[in-house]
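Data first, discussion second: the structure below is written as structure tokens.
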Amino acid sequence: MAVSPDDTNENRSIYRLRWIGYGLLVFALIDAIQILASIRTSDPTWGLQTVGQFVERVVVPLLGFALVFFGEFYDRKPFEKIVLWILSWLCLLLAFLFLVMVPSVGLQASTLSARTDLQVSQRVDQQLVQLQQLEDQLNRSTPQDIKKLADQLNTLGLSVDAKNPGALKTQIQSRIKTLRDQLQAQAQGAKASQSAGLIKNAVKWALGALVACALFVYLWISSNWAR
13 MAVSPDDTNE NRSIYRLRWI GYGLLVFALI DAIQILASIR TSDPTWGLQT VGQFVERVVV
73 PLLGFALVFF GEFYDRKPFE KIVLWILSWL CLLLAFLFLV MVPSVGLQAS TLSARTDLQV
133 SQRVDQQLVQ LQQLEDQLNR STPQDIKKLA DQLNTLGLSV DAKNPGALKT QIQSRIKTLR
193 DQLQAQAQGA KASQSAGLIK NAVKWALGAL VACALFVYLW ISSNWAR
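Going by my numbering, the sequence shown opens with residue 13, and the numbers climb by one from there.
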């Protein structure tokens, strides 16, 4: 029976799609090696960022597997049977790994949020201690000490009334209170901003990992002919 030109063109299309799939899997492997090689355990965000990179690049291997499995066993090379068997089970392994990433993302985001909150609090506490020390020193200062401070401020170009130490003391105390309120407000804003960013990325990557897991399971089930 003669092979029609349409059948020949269809066969060539299948071959092209399969080899494109193999190429995409090679690219995915290179990406995975690059991600793992660039891990810096000294960076507290490395775990979450690594998961995020895998999730954001998962489209490439998913498309690669789908193209490689295209056409099932139709006109396959002998060596492909072993390769397809390995790739089919690899889909199940990847599904498991992405499933593990889902709770891992939540745990790491929670730990990282607590860590950043602590760092912000420690930094602000140090500044608040300095302000408190300045305020205590100001309260212990005599009118002569405050007058000397006024002279120093005038020398620096800050115009203050050196003849009225009481007014200067009140002005400095008011400024300290304003700075204290600003620091506390900035700390709360920084914590809220960082927490919102972590939650946003954690939700995005957790959902992405869950979808990837489901798709890899589907690829494993639909490639049962290769096992």
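No residue lacks a Cβ here, since even glycine has one placed at the ideal position from N, Cα and C.
Comparing C-alpha distances from Gln198 to each of Ala40, Gln120, Val136, Gly209 shows the shortest one belongs to Val136. Three or more pairs of CB atoms, one per stretch, sit closer than 8 Å, so the region 71-88 contacts the region 30-39. The DSSP-derived three-state label of Asn236 is helix. By the Cβ-count criterion, Pro177 is buried, with 16 or more other Cβ atoms from all chains shown falling within 10 Å of its own Cβ. Here Ser54 carries a coil assignment [DSSP, helix/strand/coil]. The Cβ-Cβ distance between Trp58 and Arg239 does not fall below 8 Å. Excluding its 5 nearest sequence neighbours in each direction, Ala221 has C-beta neighbours in its own chain below 6 Å: Val67, Phe110, Met113, Val114, listed in chain order. Taken through DSSP and simplified to helix, strand or coil, Thr154 comes out as coil.
In the DSSP assignment, Val71 falls within the alpha helix (DSSP H) that extends over 71-80. At a Cβ-Cβ threshold of 8 Å, Val229 and Ala40 do not count as neighbours. Looking at the backbone, the Cα of Asp55 and that of Ala121 are separated by about 14 Å.
Cα atoms of Cys225 and Gln61: separation of roughly 18 Å, rounded to the nearest angstrom.
Secondary structure of Tyr230 (DSSP, three-state): helix. Rounded to whole angstroms, the separation of the alpha carbons of Leu124 and Gln206 is 10 Å. Between the alpha carbons of Gln138 and Cys103 lies a distance of about 52 Å. Burial is judged here by how many other beta carbons sit within 10 angstroms of a residue's own beta carbon; Ala208 has fewer than 16 and is exposed.
Between Leu48 and the set Gly35, Leu37, Gly64, the nearest pair of CA atoms involves Gly64. Check the Cα spacing between Val38 and each of Thr154, Thr190, Leu143, Gly76: the tightest is with Gly76. Contact check for Leu143 against Leu191 passes: the beta carbons are separated by less than 8 Å. Ile188 is a Cβ neighbour of Leu146, given a cutoff of 8 Å. Shown here, Pro115 sits in a helix according to DSSP, grouped into three states. By the CB criterion at 8 Å, Val117 and Trp237 fall outside the cutoff.
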